[in-house]
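Step one of this worksheet: look at the structure below.
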Amino acid sequence: MKRWLISIEDPRIRYDIHTKEDVNLFLNKYLKKGDIVLIYNKTPGTCFSHLFTVNSSQKNEYHNSPQDLYQITLHRKSKLSPPLQLQELKSRNILDGWQTKFSTGAYEIPDPIWVRFQDLVLEKNPDLISQETTRKIKALHHYINCAVILDMIRKGIGDNSKCCLIPHNEAATESMFIIPILRYLGWNTMDPCEVNQEYGIGRKKVDYWLD
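With the first letter of the sequence shown counted as 1, position 58 gets the number 58 in this note's numbering; the numbers rise by one all the way through.
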């Protein structure tokens, strides 16, 4: 499962996005069923307005250019209210390490960018926390990016200044490794409905479980 930013400029597609639950469009990238789509309105407003899930994707046999090579159907619409402005994402460094200009088309969103973005979505749209949208914005690949997680662990171990100040116990392991990894995987570690501390279950101590 991947996450995509789709930059929209065509007013007809923008109209469909705002008025319909299912939206059809043509893209130059192949999106798989179940992928998450973030809609970016290139004009007017330069804002991020909706989240969708890909329902189907197929080759467009009648394409006239590489830009309409695939026909994509989107469903399960969630509206971001208020929309997120591009300028705010820039000012809060959410797009750092990626790009800040998007021509019409589809762009795969890297994991670190998505994690920062989802925090802002829930901050601006707290009503989404109890909705299906929460799961949607937290959707990650079915595989774990082991290289990134191992790099996080190496940095934690290699940070001698932190290791000297923090005792070598479960609390240190939690703060230096467990919490950052959970956040990387997209979980809101401040929400007790998602990450729960459990103790004294038989002989086995369970630190965390995920809904």
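Just so you know, even glycine gets a beta-carbon here, dropped at the ideal spot from N, CA and C. These figures come from a predicted structure and were not determined experimentally.
Whole angstroms are fine: how far does the CA of residue j sit from the CA of residue i?
i, j, result
"residue 56", "residue 21", "14 angstroms"
"residue 17", "residue 173", "45 angstroms"
"residue 9", "residue 3", "20 angstroms"
"residue 15", "residue 73", "15 angstroms"
"residue 19", "residue 40", "16 angstroms"
"residue 42", "residue 88", "15 angstroms"
"residue 27", "residue 59", "10 angstroms"
"residue 101", "residue 34", "26 angstroms"
"residue 177", "residue 98", "25 angstroms"
"residue 5", "residue 179", "27 angstroms"
"residue 24", "residue 110", "24 angstroms"
"residue 139", "residue 1", "With a pLDDT of 49 at residue 139, under the threshold of 50, the modelled position of that residue is not reliable, and the figure given next carries that caveat. Cα to Cα, residue 139 sits roughly 7 angstroms from residue 1."
"residue 32", "residue 92", "30 angstroms"
"residue 211", "residue 61", "Here the model assigns residue 211 a pLDDT of 41, short of 50, so the residue's position is not dependable, and the following value carries that caveat. Roughly 42 angstroms between the two C-alpha positions."
"residue 96", "residue 122", "19 angstroms"
"residue 103", "residue 127", "31 angstroms"
Compare the Cα-Cα distances from residue i to each of the options and report the closest residue.
i, options, result
"residue 53", "127, 36 and 118", "36"
"residue 115", "181, 44 and 30", "181"
"residue 45", "26, 108 and 82", "82"
"residue 113", "38, 105, 13 and 23", "38"
"residue 80", "23, 124, 32 and 110", "124"
"residue 94", "76, 118 and 12", "118"
"residue 13", "105, 1, 127 and 122", "105"
"residue 48", "96, 127 and 90", "90"
Do residue j and residue i have their beta-carbon atoms positioned less than 9 angstroms apart in this structure?
i, j, result
"residue 120", "residue 84", "yes"
"residue 50", "residue 78", "yes"
"residue 107", "residue 70", "no"
Looking at the strands, I want to know which residues DSSP matches up with residue i.
i, result
"residue 87", "Bridge partners of residue 87: none, in fact."
"residue 53", "36 and 75"
"residue 4", "37 and 108"
"residue 24", "73"
"residue 59", "70"
"residue 117", "Looking at the DSSP assignment, residue 117 forms no beta bridge with any residue, so it has no partner."
"residue 48", "40 and 84"
For the ligand NAD, any of its heavy atoms closer than 8 angstroms to the Cβ of residue i?
i, result
"residue 174", "Inclusion of the ligand NAD in the displayed structure is not the case, the ligand content being empty and no account of it being possible."
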